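Shown next, in C-alpha cells, is the structure this report addresses.
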Amino acid sequence: MAVISSFKDGAAVVFRRQSSNMHRRLPFLRCYSSRLTEAETKSSNRTKKARDMARMINSKPWSNDLESSLASFSPSLSKTTVLQTLGFLRDPSKALKFFNWAQEMGHAHTDQSYFSILEILGRNRHLNAARNFLFSIEKRSRGAVKLEARFFNSLMRNFSRAGLFQESINLFTTMKSHGVSPSIVTFNSLLTILLKRGRTNMAKNVYDEMLSTYGVTPDTFTFNILIRGFCMNGMVDEGFRIFKDLSRFGCEPDVITYNTLVDGLCRGGKVTIAYNVVKAMGKKSVDLNPNVVTYTTLIRGYCAKREINNALAVFEEMVNLGLKANNITYNTLIKGLCEAEKFEKVKEILEATAVDGTFSPDTCTFNTLMHCHCDAGNLDEALRVFERMTKLKIRPDSATYSVLIRSLCEGKYYEKAENLLDKLLEKRILLSDDGCKPLVAAYNPIFKYLCENGKAKKAETVFRQLMRRGTQDPPSYKTLIMGHCNEGTFESGYELLVLMLRKDFLPDMEVYEALINGFLHKDKPLLALQTLEKMLRSSHLPESSTFHSILEKLLEQGNASESASLIQLMLDKNIRQNLGFSTGCIRLLFEAGINDKAFQIVRMLYGNGYSVKMEELILFLCHCKKYIEASKMLLFSLESHQAVDIDVCSAVIFHLCQINKLSEAFGLYYKLVEMGVHQQLSCLNQLKASLEAGGKFEEVEFVSKRMEPQLKYKSLDCLRSSCKLALLLLIMLLVKSSANEAEGTMIFLKQLAEVIWSWDIPNGTWFFLRNLVIGGINTLMAHLNSSNSVIGFIQVFTDKGYKHISFKLPNMSKMSCEGPAKLDHARARRVPTPGKATILAIGKAFPSQLVPQECLVEGYIRDTKCVDATIKEKLERLCKTTTVKTRYTVMCKEILDKYPELVTEGSATIRQRLEIANPAVVEMATEASKACIKEWGRSVEDITHIVYVSSSEIRLPGGDLYIANRLGLKNDVGRVMLYFLGCYGGVTGLRVAKDIAENNPGSRILLTTSETTILGFRPPNNERPYDLVGAALFGDGAAGVIIGADPVLGQESPFMELNYAIQQFLPDTHNVIDGRLSEKGINFILGRDLPQRIDENIEEFCRKLMGKGKLVEFNELFWAVHPGGPAILNKLESTLRLKSDKLECSRKALMDYGNVSSNTIFYVIEKMREKLKREDGEEWGLALAFGPGITFEGILIRSL
C-alpha cells in the first residue's frame, strides 16, 4: 500500500510539473483550463446550494419563515439548481410549493422543471394534483411552455401504476382534444396499459388508430409489447401475426422480441413450438442469439408440463453454449423438479453448485423446498429446511412464513403457527418491499384460529399489514369481523365492514346480522342503524324483527330523529309497523320539539295504511301544554275519519280557549258539527264565552244556534238593531241638550246608562254593545272638551262607532239556522288589491335521480375517479355543514358512461354538456308548468305571456319557445327569456311577471324556471375549491307559477299578492360571485366575503321594501328567502334579529332540495303557503334573493 501511495503521490507531482510547464508554453491551454476549473466550481456550488435548500425544506414545515430563509438563495437561482433541488426533496407537496415559490421569486421555469414536478407528483400517487398541474402548465408559464406528449405519457403511466385504468384512457382522449399529437412512446404506454388489463380489442383499435390516423410508425418496443400482451392473454396466434408484421415496418426482432414470443408460447402450453423458435433465432441473424432468459423461459415451460427430462436437456444445452445459469434459472428448475418429486436430482444440483459456487440457494429456493415438503405432508422436513435457512442467515419473506403457518394450522399445531406469526410481526417482514407480494388468503387459517381464541386484534394487525402490499381476500374480512363480534369488540368489526365496502366487497347476511345484534346487545342502536342502512345498500333485507329491535332501542334512548328515519326506511321497504313503536316515535318527536317531522311521519303512516294511538298522543300533547299540536292531530284524525272520543275533543277545545286560540278552537268545533257529533261536547259554554270575549260574534251565533235556546235575540239582526237604536238615542239626547252642552253631556250619560242597564241583552251582545257605548262616551267627552261641537261629536261617534260596527263584523249572509256554515275556519281569505299582481298557482318538477346527502360523497368521488383523500375529507365536511339532506340531479351513471370525458380534467366538453342540459331543463320546466296549470284550473289558451328563467342552457331559439310548443300555448303568446341571472333569477322573474300583469289587464303569465348542475359538474381540483361547495350544495329541478291581477271569482284562488318590487346592486362587488362560461363548462367562484357583504346591506334594503307597506317590525313579517346556503341564512337571522322560526321554510327547502338556483325561491314560497294556511300566519312578508352583482332582488308580499 505504501508503494502504491508513493507511486500515486509521485505521479501527481510529475503531472503538476508537466502541467505547469505546458501552461507557460501554451497560454490558450491555461485559459481553457481556467474556464474548465471555473465551470466545475460553479457546478459544484450549484449542487451544494441545491442540497442546502433541500435540507432546509425537508427539515421544516412550509411556512412564511421558511420562505424568508430561502429568500437568501433566490438572487442566484439557476435552472440547474432548481432541478437539482427538486430531485433532493422527499415530500411531493413541498416540491410543488418550492416550484411555486421559485416562480414567485422571478425564476422562469423550463419545460424540464414542469416535467420534473409532474413526475414527482405522479410517482408519489398525488395523481389529482398531477392532473391539475398538467392542465395549468400553459397558464403558469404564460404560454412559454406548451403541452407535450411526454407530459401526458408520464401521467398516463402513473395512473396505470395506481390501477386507474380508465383515467389513463381518458387522459389519452383529452390529450388529443388539446391538439397534442401522441408519440410512439404514448402509444407504447397506452398499449401496455390496455393489454395488462386484458383489453385486447381496444388495443387492436389503438394500434390501427396509430397507423391510420396519426401515421406513427411502430418500433421494436411496440411489437414486443403487442406480442407479450396478446400471448399473456392467451392469443398466441395473434402474437405470431404481430411478429410477422415486424419486417413490414422495417423493424428487426431483437432477443427481447423472441423471449416475449417464447414466453407467450410456453404459457400457452406450446413449448415445442417455442423451442423451434429459439432454434431459428441464430438462423435469422448471426448477432441474434438466445440468452439465459430465453432458456429459463423454456425450462419453466417444460417444468409446467412436467416434462422434466426436456427441461434438464435444455439446461444442459444452455450450459454447453457457455451461458451461465442465474438464480432464477436454478430456482425455476428446482421448483419443477420438486413438483415432479425428483428430490434426488434437486439434492444433486444443490451439492454440485455448492462445490463449484455457481449457485447459492436464496429465499426463493428455500420457499420452494418448504412448499414441496408441506404439500407432501412432510411438515417436520419443512421446518428443518426453515432452520437451515435461518442458520445460513438467509432472510425469509412473507411467502416463507405463509407456507409454514398455513401448514402448521392444517396440522393443528396452532401454538407453533402463532409463534411464527409473532416473529413475522416482530421483524416487520410484511411491511418490507423485499420478496414476493404476499397473499392474504394464505393467512386465513391462522386468522380463524386467532379469532376463535379471543385474539382478533392480533389477527387484524397482521391483516392490515398484508393489505398494504398483498392482494385482497373477502373471506378474511368476514373471519376478522366475526372474530370481533365473538369478542364483543363490535366497533372494530364495524370499521372493517366500512373498509370492506370501500374495497367494493359485499359482506353477507351473517356479517351484518352479527354486528346489528351485537350493537343492540351493547345498547348502541345508532351504530346498529348505520349497519342496517349499509346492509340495505348491499341488497340484503333482514327480517321485520331486526327493524323492530333497532327501533325499540332507539326509542328507549330517546333518539327521536333516528327513530323517525327508521320508520321512513321501513315504509320504503314495506316492513310492517308496530303500533306501539310508531306511537312512541311520534311522542318522542313531539317531546324533542321536532313537530314537523312528527306530523310528516303520521301522514306517512296513515298514507301507507298504518295508524297510531291517536287519543293517547292527543292527551299527551295536552298534558305537555302543546295545545296547538294537539288540535292539529285531532283535526288530522277527524279529516282521516278516525274515531276519537268526544271527551278528548272537548279537552282540546277547552285548552285552546284557555290560551285564546279561538280560531283553532272554532275550527275543531266546526269540523265536529260537520260530523254531527257536536251536541255531546262538554266544552260549549267555555267555547261560547271565549268567543264572546274575543269579539267573534258570528262564531258566537253559530255556536249558540246549535246549543239549547237561551237567547232572546235569535239572530244578528237583533244586535244590529240594538246598535242603531243606541246611536239614534245618542243623537236625540245630544240635540236636546245642545243649549247647555256641558250640562247636556251629564244628562246624556245618566240617561244612556239607565237605558243600557235596563235592556235584557244576551251576554255576547251586552259585551259588545257596552264596549261600543263606553267608547262612544269617551270620544264624546274628549271632543266636547276640545271643540264644544255637537255636530262634530256625531261625526266622530259615527266614524268610531257605527262605521266600526259595519266594518268589524264579517258577512254572515251565507249562514243559516238550518245547517252548518261553509266557513274557512282557519281564517277568512283576504281580498286582493285591485290591479295588483297575485300568484294564482304553483308547481314544481325534478329529475328522477334522488341523491341522499349521506351517499353523495362516495358517489361523487367514485364518478370523478378522485384518489385524493384530502378532497374526500373536505367534501364530507362540506356535506355536513350545508344542512342539505336530499337533492335531485340530472347527472347519472348512464350519462357518465356515454360522456366519460365529463370527468376528465381540462377536457373541452361544452358541446356535450349542452347536449344533456338543453333538453333536460326544458323537460323539467314543462313538467313543472303542467303541474302549475293543473292547480290553476284554467285552459292553457288563457296564458298570454311566458317568462322563462334559466342559467343552465344556451341555444337559439331559447327554451321558452320549446316550452310554449310542448304546452300547446298560442303562437302569439308573449315570450321573455331571462338567462344567467343565477340565484336571484326566480325573484327577478316574479318582478318581470308582476310588471306584465299590472300593465296588461286580463293577462295571465306563466313564469317557469329550470336549472341543472350539468354545466358545472367536473372532477375536483384544489385550485377550484368552490367546485366542492357546488357538489355539496346544489341540485337540479324546475318550478312554475301563474301570475295575474284581478283574479276571476270562483275560477282562480290567489294566495299571495306581489305588492312592491325592488332590484339593487352593490357597487364594487361584481367579482364576489364570478361565473365564467368556457369550452370546459361553467366555472363559479364564490367570494368568502359574500355573507358579510349581504349582512352589511340587507337591513337597509329590507327597510326600503317595508316602508312601502308602512311596516316596522321584522318579526311581524313572514320571510321567503332564497337559501343560498346556511351561512347567508344565519347572517340574515342574526342581523335582523329574526326569531328562529322565521326562516324555517327557507331552511326546509334547502334541506329537501339543496340550492336549486333560481327555482329555490318557489320551493320556499310553496312551503310558506302551507305554513301560513296551517298557522293563520302574518299578512305581510318579504321575498328575497341574492346573486351575481352582488344583486339584491326583493318583493313585498301580502298573504291572501
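Numbering (UniProt numbering), first residue to last: 1 to 1200. Each residue gets a CB set at the ideal place from its N, CA and C atoms; glycine is no exception. Just so you know, these numbers come straight off a predicted model, no measurement behind them.
Option in the options with minimal Cα separation from residue i
i	options	result
residue 1116	1125, 646, 1004 and 1137	1137
residue 892	1001, 849, 285 and 522	849
residue 939	948, 970, 505 and 646	970
residue 1201	1057, 1093 and 1078	Since the displayed the chain opens at 1 and closes at 1200, residue 1201 lies outside it and no answer follows.
residue 886	1156, 145 and 1025	1156
residue 615	593, 592, 584 and 597	584
residue 965	925, 992, 269 and 937	925
residue 669	702, 660, 695 and 697	702
residue 830	1053, 682 and 656	1053
residue 1183	538, 991 and 1032	991
residue 51	82, 1061 and 97	82
residue 1193	350, 1021, 242 and 984	984
residue 93	374, 118 and 71	118
residue 168	128, 707 and 144	128
Element boundaries [beta strand (DSSP E), containing residue i]
i	result
residue 945	945-950
residue 1194	1191-1199
residue 1060	1056-1065
residue 887	886-889
residue 849	849-852
residue 1011	1005-1011
residue 838	837-845
Collapsed DSSP secondary structure at residue i in the structure displayed
i	result
residue 421	helix
residue 685	helix
residue 235	coil
residue 345	helix
residue 84	helix
residue 904	coil
residue 1081	strand
residue 62	coil
residue 832	coil
residue 911	helix
residue 608	coil
residue 550	helix
residue 543	coil
residue 150	helix
residue 1044	strand
residue 458	helix
residue 643	coil
residue 309	helix
Residue-chain proximity (residue i, chain B), Cβ-Cβ < 8 angstroms
i	result
residue 283	The structure shown contains no chain B; it holds only a single protein chain.
heavy atom of the ligand GDP below 7 angstroms from residue i C-beta
i	result
residue 289	Absence of the ligand GDP is noted for the structure shown, with no ligands found whatsoever.
Span of the alpha helix (DSSP H) around residue i
i	result
residue 1184	No alpha helix (DSSP H) contains residue 1184, which is instead part of the beta strand (DSSP E) from 1180-1187.
residue 976	From DSSP, residue 976 is part of no alpha helix (DSSP H) but of the beta strand (DSSP E) over 974-979.
residue 1032	1026-1033
residue 361	Unbroken run through residue 361: none, as it is neither H nor E.
residue 670	662-675
residue 998	985-999
Inter-residue CB distance, residue i and residue j (contact presumed, cutoff 8 angstroms)
i	j	result
residue 1217	residue 57	The question about residue 1217 has no answer, for the chain in this structure spans 1 to 1200.
residue 328	residue 296	6 angstroms
residue 590	residue 625	No, residue 590 and residue 625 are not in contact; Cβ-Cβ is about 11 angstroms, not under 8 angstroms.
residue 865	residue 166	7 angstroms
residue 1037	residue 1185	No, residue 1037 and residue 1185 are not in contact; Cβ-Cβ is about 16 angstroms, not under 8 angstroms.
Meets three-Cβ-pair contact criterion under 8 angstroms: the segment 1178-1198 and the segment 999-1015: no
Does the contact criterion of 3 or more C-beta pairs under 8 angstroms hold for the segment 1141-1151 versus the segment 1022-1032? no
Is it the case that the segment 872-887 contacts the segment 133-146, given that we only count it when at least three CB pairs across the two stretches are under 8 angstroms? no
How do the segment 191-199 and the segment 148-162 stand: do at least 3 beta-carbon pairs fall below 8 angstroms, yes or no? yes
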